Amino acid sequence: MTWATGVGSMPGDDQRDYDEALRTVLGELPDLAHLPEVPGRGAPAGMTGRGLAVMADLGADLQPAGWRLTDAPGIDHRRARSLLAQDLDALEEQAQGYAGTFKVQVAGPWTLAATVEKPRGDKVLSDSGARRELAQALAEGVRDHIRDLRRRLPSVDRLVVQVDEPSLAAVLAARIPTASGFGRHRTVHPPEASEHLEWVLGAIADEGAEPWVHSCAPETPWQLLRGAGARGLSVDLDLMTAHDHDVLAEALDAGETVALGVVPSLDPERAPTETEVTERVMRWLDLVGLDPTTNGGSLVLTATCGLAGASPSWTAQALRLIAAGARNLS
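Plus 47 on top of the position in the sequence shown (first one is 1) and you've got this note's numbering.
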């Protein structure tokens, strides 16, 4: 069976929009639904704010320059945690009896290190001790998050945690700007990058959940992510290189999950048909020499990235298209 799911973010700017996004996801993606993110509600609901809400032990606050670590949670950090709890309450109410596979998303350690500042300024990325502490706090927070989700969704037997790492490629290539904007942070070497990811992905696996990694950035090191413990890779098919295709084919052949982004995440001038979506996936499988009848069970269809910038009508249509494409491939 081929599956369909969303990457995570959905359009909207208030709680009613979140409730509607949740209804849409549960209705259109009954086999692999996900916890929607509605970042239009403000920084506490964005990817970084949601990641800090999950993180254990460390405090943070929102400054004019962005999120910064602090000795104790500031008002915006408390708001991020409260909003996450509120969203989970809504999920628990709407998803009573849901028994399919369920997915949640959290910002990864390197994306957080590249976007959050140390208490005295400059990114966490600039300090090896600070980035280690942040990654370990995230790993511990993810454990608590998974336990809370299992309590709220007792009928779900397969839980997926998608770690979002859109900044990983830039971290490895020394493309993250310093606070002044005139320089770039030094590259992080692959062994350290892998180690920090292993802490987070290992914590997910230790709790009996399935660790995926998503990135819609070019040059994402998919082989490194597999080596760090990712058992699912969520990719934008338009950004794949020949080497990436080989890595994804190896992952599928090994029984790991590949989530292919095949539907635009923004309103297109002309929407693809479900036949075109299906045929595009079939061409890719043929390109990498895989058979949908034997490898389709590990294949998931998604939009190319999050849908926060799309219109509500295209969002619903995009989810219907990937669901129809998954049914056709099955």
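Glycine residues also receive a C-beta, built at the ideal position from the N, C-alpha and C atoms. Source: prediction; values computed, not measured.
| Query | Result |
| --- | --- |
| Tell me where the alpha helix (DSSP H) around residue 190 begins and ends. | 175–199 |
| Figure out for me which residue from 305, 213, 289 and 64 has the closest Cα to the Cα of residue 154. | 213 |
| Output the boundary residues of the alpha helix (DSSP H) element that contains residue 108. | Element bounds for residue 108: not the alpha helix (DSSP H) but the beta strand (DSSP E), 106–110. |
| What span of residues does the beta strand (DSSP E) with residue 307 cover, start to end? | 304–310 |
| Quick one: using the 10 Å Cβ neighbour count with 16 as the cut-off for buried, is residue 118 buried or exposed? | exposed |
| Anyone know if the C-beta pair for residue 264 and residue 86 falls short of 8 Å? | no |
| Assign residue 301 to one of two classes, buried (16 or more other C-beta atoms within 10 Å of its C-beta) or exposed (fewer than that). | exposed |
| Of all the options 292, 312 and 135, which has the alpha carbon lying nearest to the alpha carbon of residue 357? | 312 |
| Bridge partners for residue 170 per DSSP, in chain order? | 164 |
| At which residues does the beta strand (DSSP E) containing residue 117 begin and terminate? | 113–117 |
| Extract the residue ranges of the beta strand (DSSP E) inside the segment 279–340, only unbroken runs of 3 or more that lie entirely within it. | 279–283 and 304–310 |
| Could you check which residue in 345, 98 and 76 has the C-alpha nearest to that of residue 278? | 345 |
| Can you check which of these residues, 333, 371 and 206, is closest to residue 322 by C-alpha distance? | 371 |
| Under a three-way DSSP split, which group does residue 9 fall into? | No answer is possible for residue 9: it lies beyond the span of the chain, which begins at 48 and ends at 377. |
| Buried or exposed, going by whether 16 or more other CB atoms sit within 10 Å of the CB of residue 149? | buried |
| Looking at residue 91: is its Cβ nearer than 8 Å to the Cβ of residue 116? | no |
| Is the distance from the Cβ of residue 280 to the Cβ of residue 305 below 8 Å? | yes |
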